[in-house]
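Down below is the structure, laid out as structure tokens.
In the numbering used here, the protein residues as written are 3 to 75.
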């Protein structure tokens with residue numbers, strides 16, 4: 003069983019990257035400029051999906067994929 007909490011839509015990019023640095027691969031792969039952006043402390047995952055016109059469910063799935071992979075190790 004996986005006790006690692008999932009990333010949520012209302013979570014900020016900053017918190018996501020601090021807690022799970024491996025998720026930076028998803029932001030880069032999706033073509034966002036989130037990694038290194040000064041707005042990451044304000045932008046939520048939901049904001050990123052809207053700004054970059056990415057399906058929020060798919061983005062969450064990609065971000066949480068790294069969470070589950072890390073927990074499985």
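For every residue, glycine included, the Cβ atom is placed at its ideal position computed from N, Cα and C.
message = Out of 52, 22, 9, which one is the CA nearest neighbour of residue 34?
response = 52
message = So, for residue 1: in the same chain, excluding its five sequence neighbours on each side, which residues have a beta-carbon less than 6 Å away from its beta-carbon?
response = Since the displayed the chain opens at 3 and closes at 75, residue 1 lies outside it and no answer follows.
request  = Measure the C-alpha to C-alpha separation of residue 15 and residue 46 and round it to an integer number of angstroms.
outcome  = 6 Å
query = What span of residues does the alpha helix (DSSP H) with residue 48 cover, start to end?
reply = 47 to 53
ask   = So residue 29 is in the alpha helix (DSSP H); what residue range does that whole segment cover?
value = 26 to 31
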